[in-house]
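Sequence lines, in order, name chains Z and C. Counting from 3, one number per residue, gives the positions in the first sequence under our numbering. Counting from 213, one number per residue, gives the positions in the second sequence under our numbering. The structure appears below as structure tokens.
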Amino acid sequence: MARICYKYSDGTSREVDVPAGRSVMLGATTNGLPGIDADCGGTLSCATCHVYVDPAWLERLPPPESSEADLLFGVAAEQRPTSRLSCQIVVDDTLDGLIVEVPERQF
Amino acid sequence: MSGLAIIGGSYAALNLAISARQHGYAEPIRMITDEAMAPYHRPPLSKGHLLAPCPPDALALRGEAFYAEHGIEVLLETKVLAIDPAGKLKTARRAIAFDSLAITTGARARLLNLPGCELDGVVTLRSWADAEAIRQRLPDIENVVIIGAGFIGLELAASFRKLGKTVTVLEALPRVLARAVPQRLSTFIEAEHRLRGVDLRCNVRSVTIEGLNRRATGVVADGARCPADMIVLAVGATANSELGAPLGLVTQGAIAVDNVGRTALHHIFAAGDCTIHPNAFSGTPLRLESVQNATDQARAAGAAIAGVHAPYASVPWFWSDQYDLKLQMVGLSHGADHEIVRGSVEDRKFSVFYLKSGRLLAIDSVNSPADHMLGRRLVSQRIGVAPELIQDPQFDLRTLAKAA
């Protein structure tokens, strides 16, 4: 279990507890958080679960695999060095406190 | 105000509701589905879910909290029997009033009138319930015959092979995926399935299902008998358009809508698999069965219901996962006058670019998500590009996106 913080561009944020083994994407969709569309359900086909990982946390995540990196090129919002697909960030206890920023658009 | 009633409970229903709310719709929203679950991801049902079942809450498009927070009431296991265009839905239990209505009823598996198709062991796959019925039988199944080599048929073939089943696929047309992709890709995919041990037969003329004590035991295809413990009918889908027929909303078996999802009746909308719509990329009215179409069309319709004009004009895209192959398709390749392969077919990592009069119509990618993602931009802009550049592995396609 880890508490994940989702920040929004309007300055608000939401924190939810995500069980270990679940993705940051599922943490958002199952808890009713807006802004993460997740059209393909986490199968690396759509790039609509884009988030910006807080720079302090970026190094602590395993780097994106090649297909995630390929999809990131197609995200609707600006691609930044901190861009990740939240379906590929699988939660474990070490991610307690992780902060991600939800971009303004996914499509 | 009675608000918005949405008939159906899948991608189009959910995204229509979200879009209406995002565009400021403040009246009540009711989603009425005959299924036992709120909208869920369907693509995994033919793939990962059969191999390692996902718990229902992980398949859900949104958790329960989402519906509460957005003021969307979900009525489960409720079948709408008729629409009174004056503003009332008839269900078995009660009448539901509406000011605006959205028909997002999707499509159902097409059934073949084959001898024996009523036997136990003959199944189709569209819903969670269908997938559960297949999964529960898995331990008792050795031989599977799949009738139809479209996406669902082939995805199931791949899943059943991974589970160690003996798999036969029967297709009436001369090649697999004939409606979806050109010959070159069909040939590639056929070879992949045969390599993995699927007995794939095209040009099959006659099929009869045999049984014993009301259980299916095999299929006779063009005179040859294949034993089967399970027979999957995967021969396409029929739009669930019946509710619109008495209202005069049906064209070619589907609910006819304009580019914001509006039917001939001003307050009635439709989106997704059940519609026929003027697609910006086909030039002619089109039926599309895809997550992308359901989602994007519903976004336009939801906006229109909230009074915002945001027509549906997005480029069609599709995906399919079979074995270790990630197939991604963008655009509609019909009418192409040039096909150019980029990458290596041998390494199973390539894309086929389709051009017409020098402009990019479509791209089919195999294990090349970067080409596909870039392609969504390039195809939607119908960008002009020289075939030599596409073929040149040194050429960075991103240059084209930047130039556009």
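For glycine and all other residues, C-beta sits at the position ideal for the given N, C-alpha and C.
Between Val469 of chain C and the set C:Ile488, C:Gly460, C:Glu454 and C:Gly456, the nearest pair of CA atoms involves C:Ile488. Shortest Cα-Cα distance from Arg86 of chain Z to any of Z:Ala4, Z:Thr96, Z:Glu61 and Z:Leu35 involves Z:Glu61. Leu216 of chain C and Ile284 of chain C have their C-alpha atoms roughly 10 Å apart. DSSP, reduced to helix, strand and coil, places Lys377 of chain C outside both helices and strands of the structure shown, so it counts as coil.
In this structure, the CA atom of Ile443 of chain C is about 42 Å from the CA atom of Ala309 of chain C. Of all alpha-carbon atoms in Z:Val26, Z:Pro21, Z:Ala22 and Z:Asp72, the one lying nearest the alpha-carbon of Glu103 of chain Z is that of Z:Val26. With fewer than three CB-CB distances shorter than 8 Å, the region 259-278 of chain C does not count as touching the region 515-525 of chain C.
If you ignore the 5 residues before and after Ala307 of chain C, its C-beta comes within less than 6 Å of the C-beta of Lys300, all in its own chain and listed in chain order. Residues of chain C whose Cβ lies closer than 9 Å to the Cβ of Gly37 of chain Z do not exist, since the nearest Cβ in that chain is about 10 Å away. With respect to chain Z, the C-beta atom of Asp470 of chain C has no partner C-beta closer than 9 Å.
Among the bridge pairs identified by DSSP, Ala433 of chain C is matched with C:Val419 and C:Ala436. Using beta-carbon distances, Met249 of chain C does not count as an interface residue toward chain Z, since no partner is under 9 Å. Listed along the chain, the chain Z residues whose CB falls inside 7 Å of the CB of His235 of chain C amount to none; the nearest CB is some 14 Å away. Secondary structure in the region 463-541 of chain C: the beta strand (DSSP E) runs of 3 residues or longer, each lying completely within the stretch, are 466-468, 480-482, 487-490 and 529-534 in chain order. For His282 of chain C, at least one C-beta of chain Z is nearer than 9 Å to its own C-beta. Given a length threshold of 4 residues, each whole run of the alpha helix (DSSP H) inside the region 535-609 of chain C is given here in chain order: 581-592 and 599-603. When the beta-carbon positions are compared, Gly473 of chain C and Ala482 of chain C come within less than 9 Å of each other. Among the residues of chain C, those whose CB is under 9 Å from the CB of Cys42 of chain Z are His253, Pro255, Val503 and Trp531, following chain order. Ranking Z:Tyr54, Z:Val20, Z:Asp41 and Z:Asp39 by CA distance to the CA of Arg82 of chain Z puts Z:Tyr54 first.
Assigned with DSSP and collapsed to three states, Ala309 of chain C falls in strand. Contact annotation for Leu73 of chain Z against chain C: Pro581 and Met585 [CB-CB distance below 7 Å, chain order].
Apart from sequence neighbours up to five positions away, the residues of its chain that approach Leu293 of chain C with a beta-carbon distance below 7 Å are Lys302, Thr303 and Ala304, ordered along the chain.
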